[in-house]
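In our numbering, the protein residues as written are 24 to 446.
The beta carbon of each residue, even a glycine, is placed where N, CA and C say it ideally should be.
Note that this is a predicted model, so its numbers are computed, not measured.
Some notes on the structure that comes next.
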Amino acid sequence: MIGRAIQRAGKYPAAVLAGARAKSASSGVRTPRETADAVVIGAGVVGLSVARELARRGRDVLVVEAAPTFGTGTSSRNSEVIHAGIYYSPKSLKANLCVRGRELLYRYCYDRGIPYKQLGKLIVATSSAEMPKLEQILGRGLENGVHDLRMLESSQAMGMEPELQCVQALLSPSSGIIDSHSLMLSLVGEAENYGATFCYKSTVIGGHFEDNTLHLQFSESKDLGNYDEESPLEPQLIIVPKIVINSAGLSALPLAKRFQGLDHGFISSPFYARGCYFMLSMMKAPFSRLIYPIPEDGGLGVHVTLDLNGQVKFGPDVEWIDGVDDISSFLNRFDYSVKSDRSARFYPEIRKYFPKLSDGSLVPGYSGIRPKLSGQGQPPADFVIQGEEIHGISGLVNLFGIESPGLTSSLAIAEYVASMLGV
Ligand SMILES: Cc1cc2nc3c(=O)[nH]c(=O)nc-3n(C[C@H](O)[C@H](O)[C@H](O)COP(=O)(O)OP(=O)(O)OC[C@H]3O[C@@H](n4cnc5c(N)ncnc54)[C@H](O)[C@@H]3O)c2cc1C
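Take a look at the structure:
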């Protein structure tokens, strides 16, 4: 597949590509290798944004994706909320890239007719004990440059949203929702128009260094399907790019650990937290804005999100889970099932701010998994965007822990990565 895609783009000699599919080191023949300008690993919203930005700035970009198409990972398993940038530590990457990314995203969607809606959001205190936390959130939001926040009395908030129960609320007018699939489709189209090549069903299985240059090892994803950890994993093709962006989402850390020669001191352990959503059935949408409780450990709390069709969903909760082995993670073999009995924990949480939620109205929806850099009970970690100044490898950028607000920040992450590389 990788051979065919590159061949279609007319960038590499056909003989090499035919060889890429047929030969492997285990057959006694040297694994075929080629050079490339920039390789982006992973076609989620972040990889796509980076690919478009690098291609727009004149680089020759190859996007490699293990799945049969773009956006099948976390980028299609989230709340689709455009965050204002309120919660994150001041001056952190999350704060800066979310605020910048939100501005870029609204402009991008407006200019291109991508469906979005700036609904606004209410963060609600449901007991007087939570009111100081709301004040802290306001202070933090202002520090982060979110200047349109407004503290509301309960009567004002409940006047705006008659089904809501709260003692105080913080209004964030610049929060909104987006059709993330349309966004990704647009990013793919623009990246292609700027000359980027997409190669699906192809997995980066590792890498090694020669002459301080990263040699990426590829395999067709289908050939990894029956892989058992006992047998050696042989690459079918090696590509030697000038630039490598590791935007493999949930797999970014396990993949970096497979770059032999990269100092593992810079690669932390991954943590994973599943978030399940339940859909509201049998009731018409009770709210016209996003409603968020006070954040909890590991997430933003079981909140109300609306999609652009008016469907209401509640979630995501936080369930710390173990990862899977590397190859299964590259193939996205995580457990995304939503057990219906989890709803028992949703009802009391939601009824704190939506007391009229009726029994039996929540049905299992979908789930997503957060790629986290800190575990249960630890303080939240910032995004990690690692370039040469950290790990010493020219042209390699690792994107670790790109959890929420990664969708909102995607265009700003792309800008940041391009300028880090001096592109
Ligand atoms: C429950 C939940 C709710 C969220 N809600 C929001 C929200 O409302 N707003 C917001 O801003 N953000 C939100 N986020 C965060 C946001 O969804 C992510 O930050 C963003 O989607 C990450 O995009 P990505 O491109 O880094 O990763 P992904 O979308 O996971 O893409 C990574 C890609 O890499 C591919 N890949 C993996 N390994 C390999 C390999 N070895 N070779 C080739 N390809 C590989 C995968 O197949 C995948 O397609 C949420 C996240 C979760 C989990």
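| Asked | Found |
| --- | --- |
| Bridge partners of valine 327, per DSSP? | Ile314, Phe337 |
| Alpha carbon to alpha carbon, what distance is there between isoleucine 373 and leucine 145? | 14 Å |
| In chain order, which continuous runs of the alpha helix (DSSP H) of length 4 or greater are located wholly inside the segment 173 to 254? | 177 to 183, 203 to 216 |
| Would you give the residue range spanned by the alpha helix (DSSP H) that cysteine 434 belongs to? | Checking the sequence, you will find leucine at residue 434 rather than cysteine. First-last of the alpha helix (DSSP H) with leucine 434: 429 to 443. |
| Please name the residue in Glu412, Asn421, Ala78 whose C-alpha comes closest to that of serine 291. | Asn421 |
| Go through its chain and collect everything with a Cβ distance to glutamate 252's Cβ below 8 Å, but skip five positions before and after it. | Asp348, Ile350 |
| With the cut-off set at 7 Å, would you say glutamate 103 and isoleucine 200 are in Cβ contact? | yes |
| Throw me the rounded Cβ distance for the glycine 398 and phenylalanine 289 pair, which I believe falls under 8 Å. | Contact doesn't hold; Cβ gap of about 19 Å is too wide. |
| Hey, is proline 318 close to ligand 1, as in C-beta under 6 Å from one of its heavy atoms? | no |
| Tell me which same chain residues have a C-beta within less than 6 Å of the C-beta of isoleucine 344, skipping the five on either side of it? | Tyr295, Arg297 |
| Only counting the same chain, and skipping five residues up and downstream in sequence, which positions put a Cβ closer than 7 Å to that of tyrosine 111? | Lys117, Ala118, Cys121, Asn167 |
| Let me know the secondary structure DSSP gives lysine 307 once reduced to three states. | coil |
| Is asparagine 101 near ligand 1, with its Cβ less than 6 Å from a heavy atom? | yes |
| Between the Cα of glycine 400 and the Cα atoms of Asp171, Glu342, Val263, Pro371, which residue gives the shortest distance? | Glu342 |
| Looking at glutamine 191: is its Cβ nearer than 7 Å to the Cβ of leucine 157? | yes |
| Could you tell me whether the Cβ atoms of methionine 78 and tyrosine 217 are closer together than 7 Å? | The sequence given here places alanine at residue 78; methionine does not occur at that position. Yes. Within cutoff. |
| In the DSSP assignment, find the unbroken beta strand (DSSP E) run with glycine 62 in it and report its ends. | At residue 62 the sequence reads valine, which differs from the glycine that was named. Unbroken beta strand (DSSP E) run through valine 62: 56 to 64. |
| By DSSP's criteria, glutamate 153 is part of a beta bridge. Which residues make up the other side? | Looking at the DSSP assignment, glutamate 153 forms no beta bridge with any residue, so it has no partner. |
| Quick one: what's got a C-beta closer than 6 Å to phenylalanine 353's C-beta in the same chain, skipping five residues either side? | Ala89, Thr226, Ser274 |
| Shortest alpha-carbon distance to proline 378 belongs to which of Leu187, Leu142, Leu175? | Leu187 |
| Return yes when the C-beta of threonine 97 is under 6 Å from any heavy atom of ligand 1, and no when it is not. | yes |
| Can the beta-carbon of proline 394 be found less than 7 Å from the beta-carbon of tyrosine 223? | no |
| Give every residue of the same chain whose Cβ lies closer than 8 Å to the Cβ of isoleucine 416, excluding the five residues on either side of it in the sequence, and list them in chain order. | Phe232, Asn235, Leu237, Leu285 |
| Specify the secondary structure class of lysine 362 as computed by DSSP and reduced to three states. | coil |
| For alanine 441, tell me which candidate among Ile268, Ile261, Phe221, Val87 has the shortest Cα-Cα distance. | Ile268 |
| Hey, how far is the Cα of proline 258 from the Cα of glycine 248? | 14 Å |
| Tell me the rounded alpha-carbon separation between isoleucine 109 and arginine 130. | 20 Å |
| Would you please state the rounded distance, in angstroms, between the beta carbons of phenylalanine 369 and phenylalanine 301? I believe it to be under 8 Å. | 5 Å |
| Assign alanine 152 to buried or exposed, taking buried as 16 or more other Cβ atoms, counted over all protein chains shown, within 10 Å of its Cβ. | exposed |
| Below 6 Å, is the gap between the Cβ of serine 274 and the nearest heavy atom of ligand 1? | yes |
| Report yes if the C-beta of methionine 154 is less than 6 Å from at least one heavy atom of ligand 3; otherwise report no. | This structure lacks ligand 3; the ligands present are ligand 1. |
| Which of the three DSSP states, helix, strand or coil, is assigned to serine 292? | coil |
| For glutamate 319, list the residues DSSP reports as bridge partners. | Gly322 |
| In chain order, what residues of the same chain lie with their CB nearer than 7 Å to the CB of tyrosine 439, ignoring the 5 residues before and after it? | Leu120, Ile408 |
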